[in-house]
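**Student:** Residue numbers (the numbering used here), protein chains in the order written: chain B, 253 to 688; chain U, 253 to 688.
Written out as structure tokens, the structure is:
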């Protein structure tokens with residue numbers, strides 16, 4: 253076997269192990285019985301530790317250094333090697349003990365968040381989050397950064413992105429978004445009452461499956477299940493799992509959730525199977541990943557053309573609820589601009605204020621200017637300030653999202669970035685494809 | 253950390269990895285989309301290889317040899333160490349390459365069997381089975397045996413059991429069973445028509461969940477799903493998964509399947525959590541495992557007392573179908589003795605002829621007296637001979653069970669052993685507990 257083949261073999265083995273962990277993670281969020289949680293945490297932690305051993309193996313490092321100098325590699329091969337070398341050097345900054353502890357803490361945090369959200373009790377989640385933040389602060393130091401510790405975390409999700417970049421971006425965004433939202437709010441509000449009737453769970457589920465089919469989700473290489481928080485995961489390009497959730501009194505929750513996750517899934521299902529294990533088979537960044545989910549959710553899923561196509565099927569599912577409705581009404585309802593509590597139900601415009609709040613919370617946490625106990629108050633104050641609304645409880649406030657419990661800090665800005673990328677991709681596509 | 257603590261830590265890590273593989277296996281048989289199969293096979297194979305590295309690590313061997321001589325260990329600790337040392341020495345007979353190849357072949361065989369069964373086409377499964385048998389024959393040589401290569405396989409499932417033991421046992425069984433079945437067949441047949449009405453899937457599912465609850469299955473530490481072939485798996489004592497299947501025209505399929513798997517699950521849920529990773533937290537043998545599933549299935553689940561208790565709930569689920577029925581009728585129907593095609597639907601008496609057929613096939617295979625191509629003919633001839641019935645197709649014949657595709661040879665005799673153990677346990681319990 254030549255060096256490049258040996259490299260591919262080693263990377264495929266590493267992916268086998270990472271994807272095995274992803275299967276355990278998927279099960280944890282979909283089907284695992286509550287009693288399985290503690291053991292699952294340690295099983296995931298052990299997998300993470302073994303994975304760390306593989307990605308930091310001296311033999312891999314030596315191989316990569318040889319390949320770096322190998323003049324016979326083509327451009328793509330060279331790109332893979334350089335990316336893996338970067339990943340290798342980054343992984344070397346961690347110890348196995350740290351990786352295992354982080355994994356264990358993440359699993360425990362997820363379970364605590366799950367319970368805290370159900371009971372809307374920040375105190376259940378707070379101690380786990382504290383421990384997680386301690387580890388995350390250590391991680392920033394281990395990884396290193398130029399200006400701001402939070403830069404080290406942003407870079408994990410969008411390579412090269414800094415705290416300063418995000419701040420500058422959001423200044424620009426606020427500059428145009430605040431007056432824009434104001435001007436819309438001054439006009440009479442469209443009604444979205446049509447989406448807030450009673451829509452039985454089974455029928456919503458059937459419609460979400462219909463949507464996945466229509467959007468090109470390949471069920472031969474994937475499936476949909478239910479979870480507390482919708483997500484997409486994959487175990488290679490040929491097994492991509494999405495989840496959704498159903499609110500019987502809010503049709504848009506399941507619909508936009510499904511379209512959003514489908515966007516992620518289409519990206520994963522489209523990655524090159526033959527490159528299994530190599531960087532070229534993986535998403536380039538989370539921002540780009542989000543550009544796909546946000547493109548389908550907003551640029552497609554909130555368009556009149558889309559609802560003209562889908563309304564007949566929707567009406568078939570809910571003939572009573574929609575007997576006096578139309579594609580135009582659904583389109584309008586899906587585009588009501590109205591400050592709201594829950595990010596994933598947010599409209600296209602106010603959405604970014606949710607991201608700004610979270611960014612400011614995270615920034616304050618990593619500048620040691622905010623204590624975990626005070627997050628709910630800080631959060632609620634910001635929601636009042638940016639969105640003008642009162643947060644009635646933590647389940648609908650700072651506990652709404654799963655990400656912190658996954659240890660994902662520096663992640664949320666990619667939601668806004670993804671939306672901005674999506675807008676650009678879609679504008680370009682509209683320019684190039686007549687009658688898109 | 254003292255040696256015994258270090259040993260416990262190492263074994264718990266090994267269990268983490270084994271159970272991770274079990275999660276992937278569970279998903280493979282329940283929810284995995286078809287396209288995920290090839291990658292899943294390689295992911296399982298890599299896990300198996302890494303697991304092999306851990307169970308054969310020189311550091312573990314050294315630790316075990318020191319612990320073997322450690323006079324401070326108590327009886328249970330000593331038992332654990334000796335069992336692990338035995339496992340270690342056995343594992344050392346395998347190479348990692350062999351383990352990975354076996355795992356890969358097993359996954360591929362499972363996928364082939366799944367398709368072959370659906371299409372009732374032995375030719376789809378035969379090439380995979382051939383490859384599997386080659387590996388299994390190699391395994392027998394690697395493990396070593398005194399008299400018969402098949403002894404090495406029997407020993408994996410029931411320590412110490414030999415081909416000769418099984419042959420002698422079945423001679424005894426046939427001696428009493430053949431005339432017994434004949435005498436019953438001479439009498440007018442009870443009817444089991446009541447079980448062969450149309451029973452909608454959802455209601456059968458609900459009844460199976462009811463049964464699990466009644467039998468003491470802990471849903472906090474487990475769950476039930478659907479699969480092609482019912483099975484039980486676990487990822488520790490606090491996450492035990494059973495599966496069932498539903499035939500809308502045969503109520504007993506789901507009922508006996510659920511009770512059987514519940515028996516396995518109760519055993520697993522009852523194992524000591526605190527001993528996670530140690531032999532003392534694991535089943536002692538497959539025969540004993542089967543004694544629990546068979547005890548609940550037959551000694552409890554086919555008793556008049558059981559149906560007196562469960563009939564009211566059953567009737568609530570199926571008021572139309574059972575409007576003229578009674579607990580006594582269900583009890584009779586569940587105990588009809590009648591040669592049949594499918595082992596897991598077999599009555600208590602003819603059941604063992606299914607095992608004998610499989611044993612004879614396997615024995616012939618490992619004596620190189622039977623070619624894979626000729627299994628269907630051999631099988632069908634034996635069914636005619638032992639049970640007097642014609643096998644209409646391979647799906648209901650030699651493709652009916654999943655086990656060969658798992659590489660499980662030498663496994664089936666434990667079904668009979670389990671039944672015999674169960675009868676003894678139950679007789680003893682009846683003697684000791686008045687009004688059991």
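No residue lacks a Cβ here, since even glycine has one placed at the ideal position from N, Cα and C.
Where are the alpha helix (DSSP H) runs, 4 residues long or more, that stay fully inside the stretch 328-407 of chain U, in chain order?
**Tutor:** You should have 348-371 and 374-395.
**Student:** Just to confirm the assignment, what range does the beta strand (DSSP E) spanning residue 486/B have?
**Tutor:** Mapped onto the first chain, residue 486/B falls at position 234. Counting along the chain, the beta strand (DSSP E) containing residue 486/B begins and ends at 484-486.
**Student:** How is residue 426/U classed by DSSP in three states: helix, strand or coil?
**Tutor:** Working through the second chain from its first residue, we reach residue 426/U at position 174. Three-state DSSP puts residue 426/U in a helix.
**Student:** How close, in whole Å, do the beta carbons of residue 562/U and residue 466/U come, if the pair is a contact with beta carbons under 8 Å?
**Tutor:** Mapped onto the second chain, residue 562/U falls at position 310. Mapped onto the second chain, residue 466/U falls at position 214. Contact flag correct, Cβ pair sits at about 7 Å.
**Student:** In chain U, which residues lie with their C-beta within 7 Å of the C-beta of residue 519/B?
**Tutor:** Here residue 519/B corresponds to residue number 267 of the first chain, with the count starting at 1. Within chain U, no residue comes near residue 519/B; the closest Cβ sits about 16 Å away, beyond 7 Å.
**Student:** Taking a cut of 9 Å between CB atoms, which residues from the stretch 292-303 of chain U lie near chain B?
**Tutor:** Those residues of the stretch 292-303 of chain U that come within reach of chain B (Cβ to Cβ, closer than 9 Å) are 292, 294, 295, 296, 297, 298, 299, 301 and 302.
**Student:** From the DSSP output, in three-state form, read off residue 497/B for me.
**Tutor:** Taking the first residue of the first chain as 1, we reach residue 497/B at position 245. Coil, per DSSP.
**Student:** Determine the chain U residues that contact residue 472/B at a beta-carbon separation under 7 Å, and present them in chain order.
**Tutor:** As a working mapping, residue 472/B is identified with position 220 in the first chain. Per Cβ cutoff of 7 Å: 285, 286 and 287.
**Student:** Return no unless some Cβ of chain B is closer than 8 Å to the Cβ of residue 488/U.
**Tutor:** Translated into the one-based positions of the second chain, residue 488/U becomes position 236. So yes, residue 488/U belongs to the interface.
**Student:** Buried or exposed for residue 388/B, please, with buried defined as at least 16 other CB atoms from any protein chain shown within 10 angstroms of its CB.
**Tutor:** In the first chain, the residue the question calls residue 388/B occupies position 136. Buried: at least 16 other Cβ atoms inside 10 Å.
**Student:** Work out the CA separation of residue 494/B and residue 431/B for me, nearest whole Å.
**Tutor:** Here the question's residue 431/B lines up with position 179 in the first chain. Here the question's residue 494/B lines up with position 242 in the first chain. Straight-line Cα distance between these residues: approximately 36 Å.
**Student:** Which residues in the same chain as residue 272/B place their Cβ atom closer than 7 Å to its Cβ, once the five residues preceding and following it in sequence are excluded?
**Tutor:** Your numbering for residue 272/B matches position 20 in the first chain. Within the same chain, residue 272/B has close Cβ partners 299.
**Student:** Just the chain B side, please: which residues come within less than 8 Å of residue 271/U by C-beta, in chain order?
**Tutor:** Within the second chain, the letter at position 19 stands for residue 271/U. Within 8 Å Cβ-Cβ: 291 and 295.
**Student:** List the residues that DSSP assigns as beta-bridge partners of residue 475/B.
**Tutor:** The count along the first chain starts at 1 and reaches residue 475/B at position 223. In the DSSP output, where bridge partners are listed per residue, residue 475/B has 493/B.
**Student:** Output needed in chain order: residues of the stretch 254-280 of chain B with a Cβ under 7 Å from some Cβ in chain U.
**Tutor:** Going along the stretch 254-280 of chain B in chain order, one finds 265, 268, 269, 271, 272, 275, 276 and 279 with a Cβ nearer than 7 Å to chain U.
**Student:** How would you list, in chain order, the residues of chain B whose beta-carbon sits under 7 Å from the beta-carbon of residue 475/U?
**Tutor:** Looking up residue 475/U in the second chain gives position 223. Those within 7 Å of residue 475/U in chain B are 283 and 285.
**Student:** Exposed or buried, residue 347/B, counting other C-beta atoms within 10 Å across all chains shown (16 or more means buried)?
**Tutor:** Stepping through the first chain from its first residue, residue 347/B is reached at position 95. With fewer than 16 Cβ atoms within 10 Å of its Cβ, residue 347/B is classed as exposed.
**Student:** Just checking: is the beta-carbon of residue 599/B within a distance shorter than 8 Å of some beta-carbon in chain U?
**Tutor:** The residue given as residue 599/B occupies position 347 in the first chain. For residue 599/B, the answer is no, since every Cβ of chain U falls outside 8 Å of its Cβ.
**Student:** Using the Cβ count rule (16 or more neighbours within 10 Å means buried), how would you classify residue 646/U?
**Tutor:** In the second chain, residue 646/U corresponds to position 394, counting from 1. Buried: at least 16 other Cβ atoms inside 10 Å.
**Student:** Per the DSSP calculation, residue 502/B is bridged to which residue(s)?
**Tutor:** Counted from its first residue, the first chain places residue 502/B at position 250. Per DSSP, 499/B.
**Student:** Residues of chain B with CB under 9 Å from residue 417/U, in chain order?
**Tutor:** In the second chain, residue 417/U corresponds to position 165, counting from 1. In chain order: nothing, as chain B lies at least about 36 Å away.
**Student:** Kindly list, in the order they appear in chain B, the residues whose Cβ is closer than 8 Å to that of residue 491/U.
**Tutor:** Residue numbering aside, residue 491/U sits at position 239 when the second chain is read from its first letter. Those within 8 Å of residue 491/U in chain B are 284, 285, 287, 288, 291 and 292.
**Student:** Might you give, ordered along the chain, the residues of its own chain that have their beta carbon closer than 7 Å to the beta carbon of residue 678/B, omitting 5 neighbours on each side?
**Tutor:** As a first step, residue 678/B is located in the first chain; it is residue number 426 there, counting from the start. Hits under 7 Å: 547 and 551.
**Student:** Using 8 Å as the threshold, is the stretch 586-602 of chain B in touch with the stretch 436-451 of chain B, meaning 3 or more CB pairs across them?
**Tutor:** As far as the Cβ criterion goes, the stretch 586-602 of chain B touches the stretch 436-451 of chain B, which means the pair count is three or higher.
**Student:** Tell me which same chain residues have a C-beta within less than 6 Å of the C-beta of residue 403/B, skipping the five on either side of it?
**Tutor:** Residue mapping note: residue 403/B aligns to position 151 of the first chain, counting from 1. Hits under 6 Å: 397, 414 and 415.
**Student:** To the nearest angstrom, how far is it from the Cα of residue 566/U to the Cα of residue 477/U?
**Tutor:** Locating residue 566/U in the second chain gives position 314, counting from the first residue. Locating residue 477/U in the second chain gives position 225, counting from the first residue. Cα to Cα, residue 566/U sits roughly 20 Å from residue 477/U.
**Student:** By the 10 Å Cβ neighbour count, where 16 or more other Cβ atoms means buried, how is residue 468/B classified, buried or exposed?
**Tutor:** As a position in the first chain, residue 468/B is number 216, starting the count at 1. Exposed, since its Cβ has fewer than 16 Cβ neighbours within 10 Å.
**Student:** I'd like to know if the stretch 417-431 of chain U and the stretch 604-622 of chain U are in contact, where contact means that at least 3 CB-CB pairs between them fall below 8 Å.
**Tutor:** The stretch 417-431 of chain U, when compared against the stretch 604-622 of chain U, does touch it at the 8 Å Cβ threshold.
**Student:** Assign residue 690/B to buried or exposed, taking buried as 16 or more other Cβ atoms, counted over all protein chains shown, within 10 Å of its Cβ.
**Tutor:** Residue numbering for chain B in the displayed model covers 253 to 688; residue 690/B lies beyond these limits and cannot be assessed.
**Student:** Quick one: using the 10 Å Cβ neighbour count with 16 as the cut-off for buried, is residue 305/B buried or exposed?
**Tutor:** On the first chain, residue 305/B is found 53 positions in, with the first residue counted as 1. When all chains shown are included, residue 305/B counts as exposed.
**Student:** Within the chosen definition, does the stretch 662-681 of chain B reach the stretch 619-630 of chain B through at least 3 CB pairs nearer than 8 Å?
**Tutor:** Counting Cβ pairs under 8 Å, fewer than three are found: no touch.
**Student:** Take the Cβ of residue 640/B as the centre, count every other Cβ of all protein chains shown within 10 Å, and call the residue buried at 16 or more, exposed below.
**Tutor:** The residue you call residue 640/B lines up with position 388 of the first chain. Classification of residue 640/B: exposed, given that the 10 Å Cβ count is below 16.
**Student:** Can you check which of these residues, 594/U, 595/U, 553/U and 502/U, is closest to residue 579/U by C-alpha distance?
**Tutor:** The count along the second chain starts at 1 and reaches residue 579/U at position 327. When each option's Cα is compared against that of residue 579/U, the closest is 553/U.
**Student:** Tell me the residue span of the alpha helix (DSSP H) that contains residue 627/U.
**Tutor:** The count along the second chain starts at 1 and reaches residue 627/U at position 375. From DSSP, the alpha helix (DSSP H) with residue 627/U extends over 627-639.
**Student:** With a threshold of 8 Å, are at least 3 pairs of Cβ atoms found where one atom belongs to the stretch 322-340 of chain B and the other to the stretch 277-293 of chain U?
**Tutor:** Short answer: they don't touch.
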